[in-house]
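In the numbering used here, the protein residues as written are 1 to 324. Glycine residues also receive a C-beta, built at the ideal position from the N, C-alpha and C atoms. Quantities reported herein were computed from a predicted structural model and do not represent experimental measurements. Contents: one structure, followed by commentary.
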C-alpha cells in the first residue's frame with residue numbers, strides 16, 4: 001500500500017524575475033513500512049524534493065509549479081495550511097543533513113525534542129520532558145536523564161544525529177524522511193546510525209525515505225531505489241534487482257566509482273564532467289554529454305521511461321546495453 005505518492009512533481013527557482021525549472025516531473029511512491037532510497041550526485045534535486053514533500057519551501061524563492069503529493073490519501077498541496085501543519089512533524093517527519101546547524105545552539109536538546117511533542121500532543125511540560133528522555137533512551141544515547149539537559153555543542157556528531165532522530169520520532173510518524181542522515185560521520189558511527197534506523201523501523205512500522213549519494217548505504221538499507229539525475233528520476237527498481245541489473249549508464253557510473261577493497265587500482269573510476277548547472281539548457285537526454293555510449297538520438301530526444309522488467313524502469317534510449 002502506497003503511503004506517499006509523488007506524481008509529476010515540478011519545482012522551479014525564481015531567478016531575476018523568472019522561474020528556472022530545477023525538478024522536472026518527478027514521480028515515485030513509498031510503501032507503508034518499507035524504505036525507498038533516492039540516490040544521485042549533489043545538485044540532482046534530492047533535497048529539494050524532500051523539502052517540497054515536507055512543505056518547507058513556502059516563503060522561499062523556490063516554487064512547486066505542478067504535480068501532486070499524496071500522503072495517506074490526502075493531497076498535501078491542496079490541504080488547508082492548518083491541517084498540513086498538523087501532519088508535518090507528527091505523521092510525517094524529517095531528519096536534516098547537518099545536525100549542528102539544524103539544532104538550536106541556545107536550547108537544551110530535551111527542550112527541542114519536547115517542542116514537537118507539545119505542538120502535536122495534549123501533554124504537560126513534565127510529560128513532554130519524560131517523553132524526551134524516553135526518546136533519547138530509544139535512540140541509544142547513554143544516560144538520557146542527564147543528556148536531556150545538554151546543549152548541542154556538548155554532544156558528539158553521532159549523538160547530535162541521534163538527537164535529530166529522536167526529534168523526528170517524537171510523535172510516532174508514519175513516514176520518516178532521512179536526508180543524508182550519516183553526512184560528516186565516520187564509518188563506524190554511520191553504520192550504527194543506519195542500524196538504529198532499521199531497528200526503529202522494525203519496532204514502529206514506519207516507512208522511510210532515505211536520501212543519499214552513497215550507493216553502498218542504499219544497497220544495505222533500502223527495499224526500493226530511485227536514481228535521480230538533473231531533477232529527474234532516471235531509474236527505479238527494487239533494490240536487489242537494481243544492483244544486479246543496472247540499466248542506466250548513470251547508475252552504472254555511480255556504482256563503478258565506488259572503491260573496491262579487495263584490489264589495488266592506480267586511478268579511481270569517475271563519471272566525466274559534472275551535473276548540469278541550474279538553468280542550463282540541454283536538448284535530449286540530460287546525461288548524454290557525460291555518457292560514454294551516447295548516440296545522435298540521445299542529444300536530440302529526451303527518453304521516456306522504458307520497462308526493463310515489470311518493476312524496473314530506466315529513462316534511457318538504450319537501457320541495459322554495455323558501456324561503450
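- Close CB contacts of residue 241 within its chain, under the 6 Å cut and outside five residues either way in sequence, are with 312 (chain order).
- Separation of residue 220 and residue 112 (C-alpha to C-alpha, rounded to the nearest whole angstrom) is 31 Å.
- The alpha carbon of residue 56 has as its nearest neighbour, out of 174, 94 and 29, the alpha carbon of 94.
- Around the beta carbon of residue 218, 16 or more other beta carbons lie within 10 angstroms, which makes this residue buried.
- Beta-bridge analysis with DSSP links residue 36 to 209 and 224.
- Ranking 38, 159, 31 and 145 by CA distance to the CA of residue 233 puts 38 first.
- By a beta-carbon distance limit of 8 Å, residue 210 contacts residue 35. Their separation comes to about 6 Å.
- Assignment of beta-bridge partners to residue 312 by DSSP yields 309.
- In the structure shown, residue 13 adopts extended strand secondary structure according to DSSP, grouped into three states.
- Taking each of 49, 60, 228 and 81 in turn and checking the Cα distance to residue 66, the smallest one comes out for 49.
- Ranked by how close their Cα comes to the Cα of residue 101, the residues 251, 207, 198 and 161 have 161 in first place.
- For the 9 Å CB-CB criterion, residue 27 and residue 9 form a contact.
- Counting along the chain, no alpha helix (DSSP H) covers residue 179; the unbroken beta strand (DSSP E) around it starts and ends at 175 to 179.
- Beta-bridge pairing by DSSP links residue 125 to no other residue.
- CA-to-CA, the gap between residue 275 and residue 14 works out to about 20 Å.
- Look at residue 30 here: in three-state DSSP terms it is strand.
- Residue environment for residue 263: exposed (fewer than 16 other C-beta atoms within 10 angstroms of its C-beta).
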